[in-house]
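In full-length UniProt numbering, the protein residues as written are 1 to 214.
In structure tokens:
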């Protein structure tokens, strides 16, 4: 795939506000100025056009503090590595919590090397994409837009998708509540027809007694 040609054909696109533009300009300068990094497409800054740089895995490991941190703007770092490299171990030491990770595989491809890579990435990302690019999101039940720290502070939630409502909810149990006082979705007739989860009568109040009586 001719990445350089593809990048060169993308037009300028302004960033959200001057603060983001300034931050991107600073990070871009740090990356392109790193020893061992080759600039393939030297994008513009005002307005921004894509920048593409290339390096090898050894340089990435040695310069991780500069090359791995996010640059919020149109820049990509291509990293070349030997096919015999334990890429899963290398990425495990490089990648912190992320919103997404992408893996590009061939039809029917299934190897221990690939499975190890997927295991590592699934521990560090909230959404693992195959043969696609992040971070496009949609309000669907299957959407997960969250991830381990520092991507988010709560990796069990999502900020996009139907499950995002869970961020604004908290669990409440009504124990031995008279039926007439229960909220409608918890009543036996369940007028809202929502899923209910119940424990048998008195189970929650007797486990301590059962332990003491042993």
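Here a beta-carbon is modelled for each residue, glycine too, at the ideal position from N, C-alpha and C.
{"Check": "Pick from 91, 86 and 171: whose alpha carbon is nearest that of residue 111?", "Outcome": "86"}
{"Check": "Can you round the beta-carbon distance between residue 179 and residue 188 to whole angstroms, since I take them to be within the 8 Å contact cut?", "Outcome": "6 Å"}
{"Check": "Alpha carbon to alpha carbon, how far is residue 101 from residue 131?", "Outcome": "11 Å"}
{"Check": "Pull the bridge partners of residue 143 from the DSSP assignment, please.", "Outcome": "Paired residue(s): none; residue 143 is not in a bridge."}
{"Check": "Buried or exposed: where does residue 156 fall if 16 or more other Cβ atoms within 10 Å of its Cβ makes it buried?", "Outcome": "exposed"}
{"Check": "Under the assumption that residue 77 contacts residue 53 (Cβ atoms under 8 Å), give the Cβ distance between them as a whole number of angstroms.", "Outcome": "5 Å"}
{"Check": "Looking at the strands, I want to know which residues DSSP matches up with residue 130.", "Outcome": "103"}
{"Check": "Buried or exposed: where does residue 105 fall if 16 or more other Cβ atoms within 10 Å of its Cβ makes it buried?", "Outcome": "exposed"}
{"Check": "Shortest alpha-carbon distance to residue 196 belongs to which of 181, 172 and 23?", "Outcome": "172"}
{"Check": "At what residues does the alpha helix (DSSP H) containing residue 156 begin and finish?", "Outcome": "Premise fails: residue 156 is in no alpha helix (DSSP H) and is neither H nor E."}
{"Check": "Going by Cα to Cα distance, which pick from 135, 57 and 170 is closest to residue 36?", "Outcome": "57"}
{"Check": "So is residue 65 buried or exposed if we call it buried at 16+ other beta carbons inside 10 Å?", "Outcome": "exposed"}
{"Check": "Given that a residue counts as buried once 16 or more other Cβ atoms are within 10 Å of its Cβ, and exposed if not, what is residue 13?", "Outcome": "exposed"}
{"Check": "Given a cut-off of 9 Å on the beta-carbon distance, is the pair residue 49 and residue 28 in contact?", "Outcome": "no"}
{"Check": "Please tell me whether residue 88 and residue 119 are closer than 9 Å, where the distance is taken between their beta carbons.", "Outcome": "yes"}
{"Check": "Can the beta-carbon of residue 7 be found less than 9 Å from the beta-carbon of residue 60?", "Outcome": "no"}
{"Check": "Mark residue 19 as exposed unless 16 or more other C-beta atoms lie within 10 angstroms of its C-beta, in which case mark it buried.", "Outcome": "exposed"}
{"Check": "Here's a check: name, in chain order, each residue in its chain whose Cβ is nearer than 8 Å to the Cβ of residue 161, leaving out the five neighbours to either side.", "Outcome": "137, 138, 139, 140, 141, 142, 143, 144 and 145"}
{"Check": "Going by DSSP, what residue range makes up the beta strand (DSSP E) through residue 173?", "Outcome": "Careful: residue 173 lies outside any beta strand (DSSP E) and carries neither H nor E."}
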